[in-house]
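Going left to right, the sequence shown walks through residues -24 to -1, 1 to 543 as mature numbering (1 follows the signal peptide of the UniProt record, and there is no 0) numbers them. The next block holds one structure in the form of C-alpha cells; read it before the comments.
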Amino acid sequence: MWRMPCFISCLLLFLGCAIHSETAAQQTAAKPQTKSRPNILIAISDDQSYPHASAYGDPVIQTPGFDRVAKAGVLFHNAFTPAPGCSPMRAAFLTGREIWQNGAAGTHASTFPRDLPVFTSQLADSGYHVGMTGKGWSPGRAAGWPHNPAGKSYDQHKMKSPPGIASTDYASNFSEFLTARQDDQPFCFWFGAREPHRVFGSGLGKQSGMDLSKIVVPTFLPDSETIRSDLADYLFEIQWFDQHLQRMLDELEAAGELENTLVIVTSDNGMSFPRAKANLYEYGIHMPLAIAWPKQITGGQDSQELVSLIDVTRTIFAAAGVTPKQADKMPGLDLLPSLRKDSQPVADYQRQAVFSGRERHSSSRFNSLSYPCRCIRTDSHLYIINFTPERYPAGTPQKYAAATYDKDGNVVTSKLGPPHGGYHDIDACPTLDWMIKYQSDSDRNQNLFNASVALRPAEELYDIQSDPACLNNLIDQPGNSKLRDSLRKQLLTYLTQTGDLRVTDPQAAHVWETYQRISGLRWFPKPDWAINDPSKAPNQPWLEARRPHAKTNESKTSKPSQSPAGQ
C-alpha cells in the first residue's frame, strides 16, 4: 500500500478535525429565476491546451469562432481543468465536483454512478430542453442512465470529413436539436467535438497551408520536422472544431437568440502529446476558456483570474436560476457576480489557487494500476504530490506482447514486447515515436524523453513564470522550503476538506483500483516493488475476471519470459 510520507501525516495531524472550511461549496447556490432564462451553449473540444487559439496570440492557428465569443464576453487566461483526462474531467464538469468526490466516475474509462447529480438533468427538470452532439461523458459506461449524462444525443447528421476527423456534422445536429424544442423553451446544448483527439490525419496541417516554420514547439518537446507537422495536424483539428462553433453562433444570431445565450467554449484537458495530456503540468491542465452572454456580461473583458472549470458548472446553475442538488459537495465558485455588466470584481469570487488530480488513465502498468497525483496551481507556482513514485508516470516501459496466467494470477507463458512499447498514458503519436527513436542522438533529446517517461519524485515544484514547460523541479533547491511547505499545506487542507481518500485514509484509497476499466487491458511484468511489498498491488476482482488464463496442459509445460529487472 501507499504509506503516507511523514511530511503529510504530520501536517494532517496538525490540521486534524479542526478544519471547518468556509469553502465555495457552502455558498448559497440558489438564484432567483428570471422571466427569460438564458439559453446555454457549451462547446468542448477534445484535448486542447491553453495557448492554442488565435485570441491567445498563437501565430499559426485561426479560431474566429472562439475569438468571437471572447470578444463578445470574457477571455480567460488562467482557466484550469479538474483532471487532465477525458472522462474524469467531463464527470467533474457535469457534477461540479472534484474527481475524488465522484467515485468511479473520477477515473478514466470506468462507470458513471447513477446517483451522481449532474447539471444537465437538473436543468431538464427545471424546464430546459437539453441535448448533446458528439462526445459527451466518455469513455466509459453510464449504466442505468437513460442516455449519456451530458444529455440526449443528436448525432444523426453526418458529413464528409478529412482523415482522422469525425464524420459527425455537429452544427447540423444542433439545428435539429433546436427544431425539437417547444416555443420559447430555453435550451442547454452540449457540443462535444471529437477534435483534436488523436488519431490525426497525417500532414493535414501542412496541406491546409500552415507554415511549419512558424509553429511554436513547446520547450518540453524536441524541435523536429516530424513534431512540427504533428503539431500542425493538431492545430488543424482545433480549427475544424471552431468551424462548427461558428456555424452554431451564426444560427443563433440569425434567429435573434444569441443575445440571451450563455456561450461557454473550452476543452476537457491538454493536448495529446508527451508531458501534456494525462499530466498535471501546464500543458495538461491549463485550458482555453471564453464565456459570453451579451445580455448580461460586458464584452471585451480579459481575465487573469484563476478559474477552475468546476466554477463554470456553478455559474451555469446560477445563470439558469436553478439551485443545485447536494450543493455542499460542489466546491466551485459562481463567476457571474464579477462578470455581469456594471459589476466590480468581488473578492469572495476570486481564487488564490486551483486544484487538479488524476487516477488511472489508461492500462499502462502492472495490473492496470493508477498513477495517482494531485496538484495546486497558484498564479505563480505549481506544486504536485505523486502518491506512488515507484510507478512509471507514462506507463511501464515494456509490456507483454502476449501472456497467459494460472488461476492464482501467476504468469504461465509470456512474450515481451519492444523495450519502449508500454507508454500508454501517452496517446500513440508520431511525436512519441520520434522521441523514442532519436532519444540518444543528443543530451537534450535524452533529457526531454526522460522528462516524459522516467520515474518522478514524490513532490514537484515549478515556477510557472520562468518555467512554463515545468522542466526545472525546485522542490529540493535551497530557499524554497517555506514556499514548498505553504503550498503543501494548502493542497492537503483542500484535499482534506473535500474528502480525498488519498490523504484522509490512504488504506481506503485502494478503492480507486477496484473501479473497473471498461476499455481494453494490457499486461505487464510484475515489478520489483510489487514483489517486495504485495500490499502495493491491491486485489482487483474486476481485473482478475478478465485475466487471460492458460490452458491446463499449457500450464504444465510452459515457462514465462523473464521480466525486465526493476520494472
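Every residue gets a Cβ at the ideal spot worked out from N, C-alpha and C, and that includes glycine.
Taking the straight line between their C-alpha atoms, what separation do you get for residue i and residue j?
i	j	result
Pro138	Gly177	7 angstroms
Leu437	Asn386	39 angstroms
Pro270	Val330	27 angstroms
Asp287	Phe212	29 angstroms
Gly542	Asp504	Low local confidence applies: a pLDDT of 40 at Gly542 is under 50, so the model's placement there is unreliable, and no value is given.
Glu520	Gln422	37 angstroms
Asn448	Leu154	50 angstroms
Val322	Phe52	Residue confidence for Val322 is low, a pLDDT of 44 falling below 50, so the modelled location carries little weight; the figure read from the coordinates is stated next. Approximately 16 angstroms between the Cα atoms of the pair.
Ile402	Gly260	11 angstroms
Leu309	Thr291	7 angstroms
Ala296	Arg13	6 angstroms
Leu99	Arg157	14 angstroms
Ala80	Ser143	30 angstroms
Ala59	Asn149	28 angstroms
Arg353	Phe249	21 angstroms
Gly302	Asn255	Position check: residue 302 holds Gln in this sequence, whereas Gly was assumed. So the two alpha carbons sit approximately 30 angstroms from each other.
Thr57	Met65	7 angstroms
Gly185	Ala513	50 angstroms
Ala230	Val239	16 angstroms
Gln483	Arg493	21 angstroms
Arg523	Arg90	28 angstroms
Gln473	Leu315	28 angstroms
Asp160	Asp101	16 angstroms
Glu227	Ser511	57 angstroms
Leu92	Gln441	38 angstroms
Ala118	Ala252	27 angstroms
Arg174	Asp481	37 angstroms
Asp34	Asp145	27 angstroms
Arg432	Phe69	29 angstroms
Leu497	Ala434	27 angstroms
Out of the options, point me to the one whose CA is closest to residue i's CA.
i	options	result
Ala169	Leu311, Ile141, Phe153	Ile141
His105	Ser97, Leu459, Ser200	Ser97
Asp43	Asp355, Gly110, Phe217	Phe217
Pro307	Leu315, Ser284, Ala294, Pro313	Ser284
Lys391	Pro501, Leu265, Lys512	Pro501
Asn456	His357, Gly179, Asp509, Lys305	His357
Ile16	Phe167, Leu315, Val388	Phe167
Gly127	Ile240, Arg73, Arg117, Met108	Met108
Cys349	Ile361, Ile440, Pro264	Ile361
Asn78	Asp244, Ala434, Arg460, Arg334	Arg334
Ala19	Leu497, Thr237, Leu463, Leu180	Thr237
Ser428	Pro373, Lys458, Thr389	Pro373
Gly103	Glu152, Arg498, Ser339, Cys164	Cys164
Thr242	Lys375, Ala46, Asp131	Ala46
Pro444	Ser314, Val479, Arg498, Glu258	Glu258
Ala208	Gly179, Glu227, Thr195	Gly179
Ser332	Lys527, Asp244, Asp145	Asp244
Asn426	Asp382, Pro433, Gln415	Gln415
Trp518	Asp509, Tyr491, His525	Tyr491
What residues are listed by DSSP as bridge partners for residue i?
i	result
Gln277	Val50
Leu437	Tyr359
Phe331	Ile352
Phe88	BP columns for Phe88 are empty, so no partner.
Arg316	Ile273
Met263	Ala55
Ala268	Val239
Asn15	Thr237
His525	Tyr381
Ser21	Ser243
Ser339	Answer is none; Ser339 lacks a bridge partner.
Val283	Ala55
Which whole-angstrom value is the C-beta distance of residue i and residue j, which I expect to be below 8 angstroms?
i	j	result
Glu201	Leu188	7 angstroms
Ala377	Gly393	4 angstroms
Thr39	Ser25	So it is not a contact: roughly 13 angstroms between Cβ atoms.
Leu225	Gly110	At roughly 17 angstroms, the Cβ-Cβ gap does not stay under 8 angstroms, so Leu225 and Gly110 are not in contact.
Pro264	His28	7 angstroms
Gly116	Ala85	5 angstroms
Pro125	Asp23	Going by Cβ atoms, the distance from Pro125 to Asp23 rounds to 20 angstroms, so no, they are not a contact pair.
Val50	Ile273	7 angstroms
Ile267	Ser21	That pair is no contact at about 15 angstroms.
Asp461	Leu450	With 8 angstroms as the limit, Asp461 and Leu450 do not qualify as a contact, their Cβ atoms being about 13 angstroms apart.
Ser340	His396	Incorrect: roughly 13 angstroms between the Cβ atoms, too far for contact.
Glu489	Gln516	5 angstroms
Should residue i be listed as close to the ligand SAH, given that the test is whether its C-beta is under 7 angstroms from any heavy atom?
i	result
Glu520	For the structure depicted, the ligand SAH is absent and the ligand set is empty, with no information on it obtainable.
Strictly under 8 angstroms for the Cβ-Cβ distance: is residue i near chain C by that measure?
i	result
Asn362	Looking at the structure shown, chain C is missing, and only one protein chain is on hand.
| What are the complete beta strand (DSSP E) segments, minimum 3 residues, inside the stretch 104 to 172? | 105 to 110, 163 to 168
| In the stretch 375 to 456, which residue ranges form an unbroken alpha helix (DSSP H) of at least 4 residues, counting only runs that do not cross its ends? | 406 to 413, 419 to 429
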